[in-house]
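These notes are about the structure you will find just below.
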Amino acid sequence: MFNAILVQQAEADQRSHAALTQLDSESLPQGDVLVRVEWSTLNYKDALAITGKGAVVRRFPMVPGIDLAGVVEQSEHSAWAPGDRVLLNGWGVGEAHWGGLAQRARVKGEWLTRLPPSLNTHQAMAIGTAGYTAMLSVLALERHGLTPDRGEVLVTGANGGVGSYAIAALAARGYRVIAATGRPRESAFLERLGAAEIIDRSELSGPGKPLAKARWFAAIDSVGSHTLANVCAHTYPDGLVAACGLAQGMDFPTTVAPFILRGVSLLGINSVTRPAEERQQAWARLAEDIDPALLDEISHDISLGDTLEAAERLLAGEIRGRLVVDVNA
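Numbering of the sequence shown is given in this note's numbering, commencing with residue 774 and proceeding in unit increments.
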């Protein structure tokens, strides 16, 4: 038997309900690798699944948790053997396949990534999908020509998980970072991460002009909607914008002006189904660029049982940075 957060749907009204419960290994879904989970995370998507406030779960019952890190216990996959330290991000885990908010997970071997030698499982989950997505964004910008001498880089949603790690990763490589936040009282935190300048998100969150004064060469946006439109409108000619989130909304109320008059490139970041080599490259850079001392600044630990209450607080915008879940506490 093992502990897990289980989301079930009531037949009467189709509402979902999450609870801390005990399951047996026979109930685990199909997969060729059994992982003893040590640490997981609580992300925005997990909070939606737990509270039932978003159509995240595709089948019931479901163990949420889009991240996990632990040790292989059993494997029928050629790439993995018992004792291997692994992590998992994405692939529909926690949505269509049981995820990481449990002490055991059975998954497909091709979904797993080998843990970099310099990271332990707790550190990997302190980084989690948020840091991994941030690094995919940095790497995409660099593949399209971004270097520190090209100009400043804006990071929106700066106090969130993606934003926090984007700032830290960019600053570690010598970029001058502008952080956009709705919580100016957190300016000292953002400066410790490496932000050189801080602006209020209200400058970008409302309807704006199709083309505005150029303010930065590149940007990482996890907000979407009007914010992304304004980010593009303020980007220098031949600049770059990586779009990786939709905290404000899925809409994109803009015109083609930034793209055909300034040659701005908009890069979409899909973190869910990246191939193994891209994942390994991103995690290797994270292990190299992220100062372990920053992890305590960006994240804090909660127990598996704490996730139910923390999910509500996360959706209410009361959580700064990352929530790392000790599934064995």
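Ideal Cβ placement from N, Cα and C applies to all residues, glycine included.
Q) When you compare only the Cα positions, how much space is there between S798 and V880? A) Stepping through the sequence shown from its first residue, residue 798 is reached at position 25. Stepping through the sequence shown from its first residue, residue 880 is reached at position 107. Whole-angstrom Cα-Cα distance: 13 Å.
(Q) Below 8 Å on the Cβ atoms is my contact criterion, and I expect A842 with A777 to pass it. Report the Cβ-Cβ distance as a whole number of Å. (A) Residue 842 sits at position 69 when you count from the first residue of the sequence shown. Residue 777 sits at position 4 when you count from the first residue of the sequence shown. Contact doesn't hold; Cβ gap of about 16 Å is too wide.
Q | Distance CB(R1047)-CB(G863) smaller than 9 Å | A | For the purposes of this step, residue 1047 is identified with residue 274 of the sequence shown, where counting begins at 1. For the purposes of this step, residue 863 is identified with residue 90 of the sequence shown, where counting begins at 1. Closer than 9 Å, so yes.
(Q) Along the chain, where does the beta strand (DSSP E) containing N862 start, and where does it finish? (A) As a position in the sequence shown, residue 862 is number 89, starting the count at 1. Here the beta strand (DSSP E) through N862 covers R858 to N862.
Q | One or two residues paired with V755 in a DSSP bridge | A | Examination of residue 755 is not possible in this model, given that the chain is present from 774 through 1102 alone.
Q.
Using DSSP's beta-bridge definition, name the partner residues of Q795.
A. Looking up residue 795 in the sequence shown gives position 22. Q795 pairs with N776.
Q.
According to DSSP, is H790 part of a helix, a strand, or is it coil?
A. Numbered from 1 along the sequence shown, position 17 holds the residue referred to as residue 790. Strand, per DSSP.
Q. Taking the DSSP output, what are the residues bridged to S848?
A. The residue labelled residue 848 in the question sits at position 75 within the sequence shown. V806.
Q. Among the residues of its own chain, which have a CB less than 6 Å from the CB of L725, if the five just before and after it don't count?
A. It is not possible to answer for residue 725, since the shown part of the chain is limited to 774 through 1102.
Q) Within this structure, are the beta carbons of T759 and I823 separated by less than 9 Å? A) Because residue 759 is not part of the residues shown, which for the chain are 774 to 1102, the question remains open.
**Q.** M835 burial status per 10 Å Cβ neighbour count (16 or more: buried)
**A.** On the sequence shown, position 62 is the one that residue 835 refers to. So M835 counts as buried.
(Q) DSSP has H1073 in a bridge; who is on the other side? (A) Locating residue 1073 in the sequence shown gives position 300, counting from the first residue. BP columns for H1073 point to L1096.
Q) Nearest-angstrom Cα distance between L927 and L1013? A) Within the sequence shown, numbered from 1, the residue matching residue 927 stands at position 154. Within the sequence shown, numbered from 1, the residue matching residue 1013 stands at position 240. Cα-Cα distance, rounded: 10 Å.
Q) Rounded to whole angstroms, how far is the Cβ of A875 from the Cβ of V1100, which I believe are closer than 8 Å? A) The sequence position of residue 875 within the sequence shown is 102, counting from 1. The sequence position of residue 1100 within the sequence shown is 327, counting from 1. About 6 Å separates the two Cβ atoms, so the contact holds.
Q. With a CB to CB cut of under 8 Å and the five nearest residues on each side skipped, what residues in its chain are close to Y905?
A. The count along the sequence shown starts at 1 and reaches residue 905 at position 132. So the list reads N862, S1044, R1052, A1055, W1056 and L1059, once near-sequence residues are dropped.
Q.
Please report the distance separating the alpha-carbon of S975 from that of S998.
A. Taking the sequence shown and counting its residues from 1, the one referred to as residue 975 is at position 202. Taking the sequence shown and counting its residues from 1, the one referred to as residue 998 is at position 225. C-alpha separation (whole angstroms): 13 Å.
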